[in-house]
Amino acid sequence: MSQPPFVRPQHGWFHLTNLGVDHVDIFDTQVDHVVFEHEVEVAAGIFGVEIHAYCWMSNHFHLVVNCPEGNLSRFMQRFEQQYVLKHNRAIGRRGPLFISRFGAFPIGLEDADADDGGLVVARYVHRNPLDIVPLARLSAYPYSSYGVYLGERPAPDWLRTDVLSDMFGRRTSSLREFTERARPSDRTPAAGRRHEPYLIEQIIAAAALVSGVSVADLLTPTSGTIRRDRALSAVLVDSFRPDSARPPSEVLGVGSRRAFHRLVAKGRALRGSDPAFAEAFDRARSVLWTTVLQPELVAA
């Protein structure tokens, strides 16, 4: 039996991202960037989407958007399809350019200190180039809205900077300090550390947070049924491949690798068929990307 179509929330603020299929570059020339931005502008105008921050990397992109009229999926479908069509035609390429399902992570805009707050996500988006440029040159990166927010480049017509700027009282010095000052949660060279894999305890803590349960409760198995919170933990662990001295099956208390993979399969099925579960997965992933949790200790 085929799975029902995946349904996303369509209204509100989102962090959007997508990646080149097999990690291929999605931009080959300067013209590609011009075409990409043009298609973003056209689609945003058609579907009433506000663009508040962006960053284009070699093989992926990030957008911070508000969709007051809904139309999130239609916006993404329009600009991605149009860009791929023109990009492929220009270089004589065929086939898909992006992975099939884009990432859309809801943002709690009003609470700037929240793990998924608008300022925290914008900071993450603007710091993306730190893997390839030094912190001192971050605002000069040409394919990001960060330099626009600091007044170093004019804003394109399709970019709104008022909402996030107002949160800093229009003070670029405050925005720069917030963006560039290193935090314990940073996972970039600018923070003075190597990019370390997530700990399995961090992943479990994120699953517990979005599920509304304690880590201890999540790690307590229930006989005869597969719980959604435990399935969420398993599919997140399988996705992030965490650093752990103990196998995931032991940490989650499922008894065997086979039982763990059954839990992962359940999570994958729910992610494809249940919009609420898929949203929980996206929220947990967003939490992991934007903060370092302080999880309860997982018993040895």
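When we follow this note's numbering, the leftmost residue of the sequence shown carries the number 1019, and every step to the right adds one.
Virtual Cβ for every residue (Gly too), placed ideally from N, Cα, C.
With 16 as the cutoff for other CB atoms within 10 Å, does residue i come out buried or exposed?
i, result
"R1211", "Residue confidence is low: R1211 scores 34 on pLDDT, short of 50, so the model does not pin down where it sits. Its coordinate-derived value is still stated next. Burial call: exposed."
"D1043", "exposed"
"D1133", "With a pLDDT of 41 at D1133, under the threshold of 50, the modelled position of this residue cannot be trusted; read the value that follows with caution. With 16 or more Cβ atoms within 10 Å of its Cβ, D1133 is classed as buried."
"I1218", "buried"
"P1266", "buried"
"N1036", "buried"
"L1240", "This sequence places Thr at residue 1240; Leu is not what is there. T1240 should be labelled exposed."
"P1114", "exposed"
"R1107", "exposed"
"H1029", "exposed"
Just reading off the alpha helix (DSSP H) that residue i is part of, what are its end residues?
i, result
"V1269", "P1266 to L1270"
"A1223", "I1218 to S1229"
"F1045", "Unbroken run through F1045: none, as it is neither H nor E."
"V1255", "R1246 to F1258"
"L1335", "Summary: the structure shown does not reach residue 1335, with the chain confined to residues 1019 through 1318, and so no result is reported for it."
How would you write the range of the beta strand (DSSP E) that residue i sits in, first residue to last?
i, result
"I1069", "E1068 to W1074"
"F1079", "H1078 to C1085"
"F1123", "G1121 to P1124"
Find the nearest neighbour of residue i within the set the options, judged by alpha-carbon distance.
i, options, result
"P1086", "C1073, A1062 and N1106", "A1062"
"V1233", "V1255, A1223 and Y1101", "A1223"
"R1280", "V1253, Q1220, T1179 and V1305", "V1253"
"R1096", "H1080, I1125 and H1056", "H1056"
"H1070", "S1291, D1247, I1125 and L1182", "L1182"
"D1050", "F1093, L1081, G1066 and E1098", "E1098"
Helix, strand or coil: which one does DSSP assign to residue i?
i, result
"T1179", "coil"
"F1186", "coil"
"P1160", "coil"
"N1036", "strand"
"A1108", "helix"
"G1165", "helix"
"F1278", "helix"
"G1030", "strand"
Checking contacts by CB at 7 Å: is residue i closer than that to chain C?
i, result
"G1169", "Judged by its chain identifiers, the structure shown contains no chain C, having just a single protein chain."
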